[in-house]
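Undergrad:
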Amino acid sequence: MSRDSSPMVLDSGDDAFRGHLLVNLNSGTPAQARAAADWADERDLDYLDGAVMVPPPLVGDPASVFLYSGSRDVFDRHRRTLALLGDPRYLGTDPGLAVLYNTALLGMMYATLNGFLHGAALVGSAGVPAVEFAELALGWFMPLMLAPASLAEQAPNLDKAAYPGDLGTMHMNLNALAHITRTSIEQRVNADQPQLMKDFAELALAQGYGSQNYFAMFEIFKNPQDLPHHR
Numbered sequence: 002m003s004r005d006s007s008p009m010v011l012d013s014g015d016d017a018f019r020g021h022l023l024v025n026l027n028s029g030t031p032a033q034a035r036a037a038a039d040w041a042d043e044r045d046l047d048y049l050d051g052a053v054m055v056p057p058p059l060v061g062d063p064a065s066v067f068l069y070s071g072s073r074d075v076f077d078r079h080r081r082t083l084a085l086l087g088d089p090r091y092l093g094t095d096p097g098l099a100v101l102y103n104t105a106l107l108g109m110m111y112a113t114l115n116g117f118l119h120g121a122a123l124v125g126s127a128g129v130p131a132v133e134f135a136e137l138a139l140g141w142f143m144p145l146m147l148a149p150a151s152l153a154e155q156a157p158n159l160d161k162a163a164y165p166g167d168l169g170t171m172h173m174n175l176n177a178l179a180h181i182t183r184t185s186i187e188q189r190v191n192a193d194q195p196q197l198m199k200d201f202a203e204l205a206l207a208q209g210y211g212s213q214n215y216f217a218m219f220e221i222f223k224n225p226q227d228l229p230h231h232r
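In terms of my numbering, the sequence shown opens at residue 2 and continues consecutively.
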């Protein structure tokens, strides 16, 4: 059931729900979550918005993460019950935060998966089995280049908009993305993904980030009207 349909389904039971807690774990957008919270508030209904971060078989596992946002008091009062589903993580009073986090994390997941799949297709164009590529890509390259600890170290710089280019610049990264795009075309592999990343890097250069490092791309993502192919 989507967030759009939730109020319609529950409208007929207004009196029965009054004074109870509604926890919405449907998929949707932050705007839909806030609208659902307003709907609940109009009916004197405690409300938490949430997101399930695990597949169905892991529901009930204490290590499974569930995200929640909305009233802190409501969350605290029902935390023990929520913990029966998994590890409850409270994100803030804005009802849209849980689904926003969920969307951001899923976006990161798909971007990572697509990077791996494109890489496997690229070396596969020369007859390299995916299992052989995975050994190097996942066994060495990703743990070294994309280690969570290394990315976490960069998070404070994102908040400060500090992107020193002493170990690599956007110019250097644009060259790499141009090579990836050209190689994809030469190897007859879909080049849309590296081309889009190359477009981002070119935009970063146009906005003056050429001498800064690749994390300056954060500034490009924060300004959607400037992104290539933005709708």
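Here a beta-carbon is modelled for each residue, glycine too, at the ideal position from N, C-alpha and C.
In three-state terms, what does DSSP make of V1?
TA: With the chain covering only 2 through 232, there is no way to say anything about residue 1.
Undergrad: For Q33, is the beta carbon positioned less than 7 Å from some heavy atom of the ligand ZN?
TA: With respect to small molecules bound, the structure shown includes none, and the ligand ZN cannot be examined in it.
Undergrad: Beta strand (DSSP E) containing F233: first to last residue?
TA: With the chain covering 2 to 232 only, the question about residue 233 has no answer from this structure.
Undergrad: Once you ignore the five residues that flank A205 on each side, which residues in its own chain have a CB closer than 7 Å to its CB?
TA: M171, A217, M218, I221
Undergrad: Out of S70, T94, G61, A177, state which residue places its alpha-carbon closest to the alpha-carbon of T82.
TA: G61
Undergrad: Grab me the residues of A52's own chain with a C-beta within less than 6 Å of its C-beta, minus the 5 sequence neighbours each way, in chain order.
TA: L68, A99, V100, N103
Undergrad: Who are the near neighbours of P63 in its chain, counting only those whose CB is closer than 8 Å to its CB and skipping five residues on each side?
TA: A84, G87, D88
Undergrad: Within the same chain, show all residues whose beta-carbon is closer than 7 Å to that of G20, passing over the 5 residues directly before and after it, in chain order.
TA: Cβ neighbours of G20 within its own chain (closer than 7 Å, five residues either side excluded): D45.
Undergrad: Please name the residue in Q213, A36, N224 whose C-alpha comes closest to that of P165.
TA: Cα-wise, what sits closest to P165 is Q213.
Undergrad: The alpha helix (DSSP H) with L106 in it runs from where to where?
TA: 98-125
Undergrad: Give me the Cα-Cα distance between Y48 and S28, rounded to the nearest whole angstrom.
TA: 16 Å
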